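A.B. asks: Okay, handing you the structure first.
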Amino acid sequence: MKTKLPAWWKTLGIQDATAAREQLLLALGGFLSIFIVFLISYKVTGLKGAGAILPSMGAAIVLLMAAPKAIFSRPWALFTGNVLSAVVGVCCYQWIGDNFIAAGSAVGLAMLVMFASRCLHPPGGATALAAVVGGDVIHELGFYYVLTPTLLNCLILFLVSYSVNQLIDKRHYPKQTQTSGTS
């Protein structure tokens, strides 16, 4: 059952609750998505932890499941935002060296690249940051980090979240948008 919030609560940004059944299905979809991403990535790479699955995928799946119509959740944002951010993060780690400067640079530059590419995806900032502060397992991957775990994680996450969203009534992911020819 959906509950309505008092009007003044909405000024705080509190949203009406999603139906309990839908919440459960989405949470189950989130579990299933991360489980499958981690399992397949582990089987492909032989690595555990951040070498197999990026922490930013946890944030990405929340967007894909809970806000499938948001611009941040679109496939272009998911794939391009994370992949470009991974490239930026690896470059910052390899070229700057100092973790404090490289970490800030990775996130700031990833944001600029995502803005320029029209693929803003907030978890992309975490993907760039992980390339700098992810430790030896991530650093040893070098630019391979862009393919796996980043691209591999995104591909699996997209396929599972697409499937789960299609199973839930009235949810269509990805959201189809009309283009009017103007920007």
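Note that the sequence shown covers residues 1 to 183 in the UniProt record's numbering. Note that the Cβ used here is the ideal one computed from N, Cα and C, for glycine as well. Just so you know, these numbers come straight off a predicted model, no measurement behind them.
Please return the same chain residues whose Cβ sits closer than 6 Å to the Cβ of residue 90, not counting the five positions on each side in sequence.
C.D. replies: Correct list, in chain order: 131, 143 and 145.
A.B. asks: Using the Cα positions of residue 249 and residue 11, report the straight-line distance between them to the nearest angstrom.
C.D. replies: Only positions 1 to 183 of the chain appear in this structure, which leaves residue 249 out of reach.
A.B. asks: Out of 103, 24 and 118, point me to the one whose CA is closest to residue 62's CA.
C.D. replies: The residue with the shortest Cα to Cα distance from residue 62 is 24.
A.B. asks: So residue 85 and residue 114 are in contact, right, with Cβ under 8 Å, and what is the actual spacing, rounded?
C.D. replies: Confirmed, about 7 Å.
A.B. asks: Pick helix, strand or coil for residue 139, following the three-state DSSP scheme.
C.D. replies: Reduced to three states, the DSSP call for residue 139 is helix.
A.B. asks: In chain order, what residues of the same chain lie with their CB nearer than 7 Å to the CB of residue 182, ignoring the 5 residues before and after it?
C.D. replies: For residue 182, the pLDDT reaches just 42, beneath the cut-off of 50, and the residue's location in the model is therefore unreliable, leaving the point undetermined.
A.B. asks: Residue 156 and residue 37: beta carbons closer than 8 Å?
C.D. replies: Yes.
A.B. asks: Could you have a look at residue 43 and say whether DSSP puts it in helix, strand or coil?
C.D. replies: In the structure shown, residue 43 sits in a helix (DSSP, three-state: H, G or I).
A.B. asks: Given 8 Å as the limit, is there contact between the stretch 59 to 76 and the stretch 90 to 108, that is, 3 or more CB pairs closer than that?
C.D. replies: Too few Cβ pairs lie closer than 8 Å, so no.
A.B. asks: Which residue wins for smallest C-alpha separation from residue 71, given the options 171, 119, 98 and 39?
C.D. replies: Residue 71 has its Cα closest to that of 119, out of 171, 119, 98 and 39.
A.B. asks: Exposed or buried, which one is residue 134 when buried takes at least 16 other CB atoms within 10 Å?
C.D. replies: Answer is buried; the Cβ neighbour count reaches 16.
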